[in-house]
Amino acid sequence: MKHVEPLEIRLLRPLLSVYSLALLMFLIIPILVIIPLSFNAGSFLSYPLSGFSLRWYHEFFNSNDWMPALLNSLKIAPAATLLATVLGTLASVGLSRGEFRGKALIMAVMISPMVAPVVIVAVGMYFFFASWGLLNSYLGLVIAHAVLGVPFVVITVNATLQGYDRNYTRAAASLGATPWYGFKRVTLPLIAPGVLSGALFAFATSFDEVVVTLFLASPTQRTLPMQMFAGIKENLNPTIAAAATMMVLCALLLLLAMEVLRRRTERLRGAKTE
Amino acid sequence: MLKRLSALIVLAAFGGHVNAQPLTVVSFGGLNKDAQEKAFYKPFTAAGNGPVQAGEYNGEMAKIRAMVETGNVSWDVVEVESPDLIRGCAEGMFEPLDWSKLGDAGKFVSGAVNECGAGIFLWSTNLTYNNAKLKSAPKGWEAFWDTKTFPGKRGLRKSAKFTLEIALLADGVKPAELYQVLGTPEGVDRAFKKLDQIKPDIQWWEAGAQPLQWLVAGDVVMTSAYNGRVSAAQAEGHDFKMVWNHSLYDIDSWAIVKGSPNKALGEKFIAFANEPQHQKVFAENIPYGPTNKDTLALIDVKTREQLPTAPANLENALQVNTSFWIDHGEELEQRFNAWAAR
Amino acid sequence: MPEALAFESAPSVVQTQRLQQRLHANKRAYTRRSLLLILPLLVLLVAGFMTPIGSLLTKSVENPEVANALPNTLKLLNSWDGTTLPAESVFNTLGQELRTARAQGQLFALNRRLGYESASLRSLPTAILSRLPADGSPVRDTLINDVPALGDIKTWATLKQLGKPYTSLYWLAAFDLKMDAGQVRAVAPDKALYVDVLKRSLTIAALVTVLCVLLGYPLAYWLSRQPARRANLLLILVLLPFWTSLIVRTASWIVLLQSGGLINNSLIDLGILDKPLQLVFNRAGVLISMTHILLPFLILPLYAVMKGIDSRYERAAISLGAHPYTAFRRVYLPQTYAGVTAGALLVFIMAIGYYITPALLGGPGDQMLSYFVAYYTNTTINWGMATALGGQLLIIVLLLYWVYARISRPANRAA
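Protein sequence lines, in the order shown, are assigned to chains Z, B and U. With the working numbering applied, the first sequence corresponds to residues 1 to 274, in that order. With the working numbering applied, the second sequence corresponds to residues 1001 to 1342, in that order. With the working numbering applied, the third sequence corresponds to residues 2001 to 2415, in that order.
In C-alpha cells, the structure reads:
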C-alpha cells in the first residue's frame, strides 16, 4: 500500500496484540487452574496441593453417580441441540423473508426463553409438564433444553442472515431452483457459520443447564451439571476438578478436530479451483 | 398420522420406566449420602428388597410440593429437616406413618418420633476453629465476638435460624430462656444489635461444605459448621477443633411423600433404617448421633465421644425449637435478609 | 416473483389493478410460506414455554388460601353490613370450617396467608380452635369473650377482604410497599429490601455489560484481523471457557480469589501485599467472575460480525485521505453497531438473571433478583412472592428488548 501509516497507529498495533493476548490469558487461566487440582491427594479444592494422586479420577469412573450422569448428559444434549437448531434455523429463515405484521412480536417470543429468569421457567415447566406426563422423563428434558437453546440459534442465525444478500435466493429461484434446493445449496452454506455457532450455543446450554434440570429430572435422569452442582453445594471435592479436566480435554479435542477438518476441506476446495 | 405414530414411539422409548419402579430415596448429598449408601441402601438391597434409586437435594420443599399438587410423585422416601417435616405434615405433603411397623417408638430420642416422620440422626452446629491458626482456644460463641483476641473473618450460616440464637447466646442469654427472649420484639432487636458489632467480619455460608473449605483455605479463622463434616475433615488430618459448649442441634427425619406408589416399601425401608445395627454403620461413617437409643451400646467408645448424643456433648447443647421457627421463621428470615443485604 | 413481472409501456387502469391484485396474492402466499417456516418453533415455544410461564405468572396475583378454607363464612360475610359484629351463624360457620380446614391440612396455608397481613392474625385460627365450644352450643359470646380480636369489626373486614380471589399483596411487596387500611404505604425501613435488590441487579448487569464491551471489543477486532488459521486457533481460547461448565468456572474463581487463594498468595509471595485482599464474597468477586463467564457471549457474535465486514471500505476511506482513526470511527465502527448491541443485550439479559455465580461468589449484599426468586420458590415456598419478583424481572427485560427493537430498527432499514 502506498499509504504511510501515522506513528500512533503503528504504536497501537503491538499494544493491541499485547492486550489481546493478556485478555485471552484472563479467559483461559481459570480453566487451567482447575486441572492440577484434579490430581490433588487431599480432598479439598484449594492450593497448595497436598500430593499427587489419581484417586479423584478413580472416584469419577467408579462411582454410581458420575458415570450415569455423564451418559444422561450425552443422551439429552445432542437431541435438544438438534431440535433447537432445526426449528430455530427454519424460523429465522422464515423471519428474514421480508416484513410482515407481528414480526417483532414473533421475534420477541423466540428470544423470551433466554430472558425469563431460569427459576421461573423451571417452576412453570414443572407444573405444566407434570400435567402432560413429561415430568421425570428424557423427552421432557429434551424439550426443556431445546426451548432454552432456541434463542441462541435464532439470534446467531438472524445475525448472519442480516448480512446475507437475499438476491442470492432470488438468483437461485430465477435459475429454476426449488425453494428447498435453493435453501440447501445457496442459503445454508452461506449462513452455515451462524447455524453452527447457534448449535454450539444450544449444545453448551443443554450441557450446562442446572436449575431447570433440577426441577424436571428425577435421580434417574441426573445430568452431569446436576451432579456437579450437588458436588459444589454439598461436597466440594476434587472429583469436580477431574470431571472438569476431562470435559475441557474433550472440548479441546473436538475444537481441534473441527479446525483440522475445516482446513482439510479448505485445502480440497483450493485444489479444485486450481 | 405418521408423525403421531413416531411421537408415540419416541414417547415409549424415552418415558418407558413407569412400571417396576425401584424405591427412590432422596437425601442431603455429600458425605451424608455416602454414609447412607453404606449403612442403609446397600444392605436394604442385599436383604432382597430390590434396588434403591438414590438422589440428593438441598431440602427444597418446592419440588415435593409440586409433586404432591400435580399427583406426579416420583420420590418415595425423603430426608427432611424438622420444621419442614412438621409443616409438610400439617399441609398434607407427607404420608402419616404407622409406627407399629417402624419399631418401638419408646426407644427413640425425643423429637425423633413424629406423625409423618422417623428421626434418622441428630446433627449439631458447632463453633469450629483451625487450631493451627489460633493462639488460644475459644470456649464459646463469646469468642466469636472477640475480634481482638481472634482477628480474622468468621463463618456463619446465612439464615436467621442459628444466627439469631448464636447472637443471643453470645450476649449471655441462658439456653433455657433463649426462645422466650427471641419471641419478643426486644429480643430480636437485641440479637440484631449484637450481630451489628461483627457484621463486617462475617462471611456467610449456605452449603455445609463451604465453611470447612474456607477453614482449609484460611479464609476464616473460626466458623459454625456441622459436626459430621468437621469430623470428616479431622480424619483427613486437618487440625480443626469443635466447641460443644452451646452447640445447637436438631434432628433429620425420614418421611414418605404423599401419594408415593411405594408407600409400603418405603415404610419397610424406614423400619430397616431404624434398626440399631444399621444406624451404627451410619454413625461410624459420619459421626451424627443415632436416634435409636439402643445404637450407642454397639458403637466403640472413641466414635461415641464424637457424637452429638454423647452425654458430655449434649450437656450444654441447645435444641433448635422447631415450632418457634415454624411460627416466626418467615418474618425473621425476611428481616434477616434485609439486614444482611444492607 | 414480483420482480419477474414484465412491464408494458402504457398499462391500462384495469391492467394495473390486475397486476396489483396478483402482486398482493403473490405477497400473501409468500408471507404464508414464511409463517409456515416459523410455525413449528412457535408451537414448541407456546406449548413448552409461554403457557407454563403464563400460568405461573397468574400465581403472583392469586389469593386462594382464605377462599378455599372458609367458603361459607365468606358467603355469609358478603351480606354482612360491616358496621356491627356478625351474627351467631357466621361465628358458627367459621368455627366449623376451621375444624374442617384443620382436618384437611389447609390450616397451615391459611395461617401463613393471614400472617402476611399482620403477625397477630397468624395465630387467630389456632386461638379460635382452642376456645371453640362443643358442637351445638352457641359460640358467638364465648369467642368474643375469649378471642378479643373477634370482637373487633376490623378483623372481620380484613377477613372479608382476604376472601377475594386476587390480591396485589405480592406485587406491592416486590416494591417494598404494602396495603394499609386501603392505602399504599412503604413498609418499615428495616424490612425494605426489594427496591435495593432491583437497583443492585440493574447496576451489576450494567457494569458487567460495559466491562464485557470495553474488554471484548478490541479483542474481537484483533481476532478478526488475524490470518484465518491463527484466528481459528486463538478462538479456541475463547470457546474453551465457554464450553466449560459454569459451575466449574465459578469454583475455579473461588480457588483463585479467596484469601488463601492463588492470586493473594502469589501477590504476598512477591512482596506486593502483606495482607490478603478481600476479592471474593463481595462485589469485586461477582463482577470479575461474571465478566469472565459472559465475555464469550459478546466476543463470539461480535467476531462473527467483524469477520463479515469488508475491510476494503475502510481502506478506501484511508486511501481517500482519511486518518485511520477517522476511517475506523466513521466507516468501521458503524458497521459493528449491530453486533455490539446484540452482544451487549445478550450479556445484560443473561447477567440480570444470574443466580449461581453471585450465590457462590458474592456476599449477602450482592445477591440479585433471581436469588430471591429461588429463595421464595425453594426455601419458604412463598410462590406469590417468587412469581411477583420473577414478573418484575420479566417486565424489565421485556422493556429492555422493546427499547432495543426501537433503537435497532431504523439502523436495519437504512442498511
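Where is the CB? At the ideal position from N, CA and C, for every residue including glycine.
Taking only three categories from DSSP, how would you classify residue i?
i, result
"Z:P36", "helix"
"B:D1196", "helix"
"U:V2280", "coil"
"U:A2006", "Reliability of the predicted coordinates at U:A2006 is poor, the pLDDT of 48 falling under 50, and no value is obtained from them."
"B:V1010", "Per-residue confidence for B:V1010 stands at a pLDDT of 40, beneath the threshold of 50, marking its modelled position as unreliable; no derived number is given."
"Z:M226", "helix"
"B:A1062", "helix"
"B:G1055", "strand"
"Z:A199", "helix"
"B:K1148", "coil"
"Z:Y47", "coil"
"B:K1153", "coil"
Given residue i, which residues of its chain have a CB within under 7 Å of its CB, disregarding the five upstream and five downstream residues?
i, result
"U:N2072", "T2093 and E2097"
"B:L1002", "Confidence at B:L1002 is low in this model, with a pLDDT of 39, below 50, so its placement is unreliable and the value that follows should be read with caution. Excluding residues within five positions, none has a Cβ falling inside 7 Å."
"U:S2060", "Y2170, W2171, G2384, T2387, A2388 and G2391"
"U:P2040", "none"
"B:Q1021", "P1261 and N1262"
Using a Cβ cut-off of 9 Å, pull out every chain B residue sitting near residue i, in sequence order please.
i, result
"U:N2378", "N1058, G1059, E1060, M1061, A1062 and K1063"
"U:L2107", "A1090 and E1091"
"Z:A159", "Simply none; closest approach about 32 Å."
Measure from the C-beta of residue i to each C-beta in chain U and report whether the shortest distance is under 8 Å.
i, result
"Z:T213", "no"
"B:E1333", "yes"
"Z:E274", "Low local confidence applies: a pLDDT of 39 at Z:E274 is under 50, so the model's placement there is unreliable, and no value is given."
"Z:P193", "yes"
"B:Q1197", "no"
"B:A1338", "yes"
"B:A1341", "yes"
Within 8 Å of any Cβ in chain B, is that where the Cβ of residue i sits?
i, result
"Z:F127", "yes"
"Z:N136", "yes"
"Z:S73", "no"
"U:D2190", "yes"
"Z:A243", "no"
"U:L2369", "no"
Take residue i and list the residues in its own chain whose beta-carbon comes closer than 8 Å to its own, dropping the five residues that flank it on each side.
i, result
"B:V1216", "A1233 and H1238"
"Z:M226", "A69, V210, T213, L214 and A217"
"U:V2187", "A2173, D2176, L2177 and K2178"
"U:L2036", "none"
"U:Y2376", "N2382, W2383, M2385, A2386 and L2389"
Kindly say whether residue i, judged by its beta-carbon, lies nearer than 8 Å to any beta-carbon of chain Z.
i, result
"U:A2405", "yes"
"B:A1054", "yes"
"U:G2285", "no"
"U:W2253", "yes"
"U:L2005", "Note on U:L2005: pLDDT 48, under 50, position unreliable in the model; the coordinate value appears next. No - not a single Cβ of chain Z is within 8 Å of the one on U:L2005."
"U:I2356", "yes"
"B:A1066", "yes"
Can you list the residues of chain U that residue i reaches, using a CB-CB cut of under 7 Å?
i, result
"Z:E59", "Near Z:E59 there are no residues of chain U at all, since even the closest Cβ is about 16 Å away, more than 7 Å."
I want to verify the contact list: residues of chain Z whose CB lies under 8 Å from the CB of residue i, in sequence order.
i, result
"B:Q1213", "F44, L45, S46 and L236"
Starting from the beta carbon of residue i, find every residue of chain C whose beta carbon is closer than 7 Å, and list them in chain order.
i, result
"U:L2042", "Note that chain C does not occur in the displayed structure, where the protein chains are Z, B and U."
For a contact meaning CB atoms closer than 8 Å, what does residue i contact in chain B?
i, result
"U:Q2183", "By Cβ distance, chain B contributes nothing, its closest Cβ being about 22 Å from U:Q2183, past 8 Å."
How would you list, in chain order, the residues of chain U whose beta-carbon sits under 9 Å from the beta-carbon of residue i?
i, result
"B:K1158", "P2364"
Could you tell me which chain Z residues have their CB closer than 7 Å to the CB of residue i, listed as they occur along the chain?
i, result
"B:A1217", "S46"
"U:H2024", "Result: empty, since nearest Cβ-Cβ is about 13 Å, beyond 7 Å."
Ignore the nearest five residues each way along the sequence and tell me which others in residue i's own chain have a CB closer than 6 Å to its CB.
i, result
"Z:G42", "S50"
"B:L1332", "A1160"
Show which residues of chain U have a CB atom less than 8 Å away from the CB atom of residue i.
i, result
"Z:L175", "Within 8 Å Cβ-Cβ: nothing; Z:L175 doesn't reach chain U, min ~12 Å."
For the ligand ATP, any of its heavy atoms closer than 7 Å to the Cβ of residue i?
i, result
"B:T1322", "As for the ligand ATP, it is missing from this structure, which has no ligand bound."
Alpha helix (DSSP H) runs contained entirely in the stretch 2270-2326 of chain U, provided each spans 4 or more residues: 2283-2307 and 2311-2319
Length-filtered (4 minimum) alpha helix (DSSP H) runs lying within the stretch 2104-2162 of chain U: 2107-2117, 2119-2122, 2124-2131, 2140-2146 and 2153-2162
Sequence ranges, beta strand (DSSP E) only - wholly within the stretch 1224-1294 of chain B, length at least 3: 1240-1256
Secondary structure, beta strand (DSSP E): runs of 3+ residues fully inside the stretch 7-32 of chain Z: none
Entirely enclosed alpha helix (DSSP H) segments - the stretch 1157-1193 of chain B, minimum 4 residues: 1160-1170 and 1178-1182
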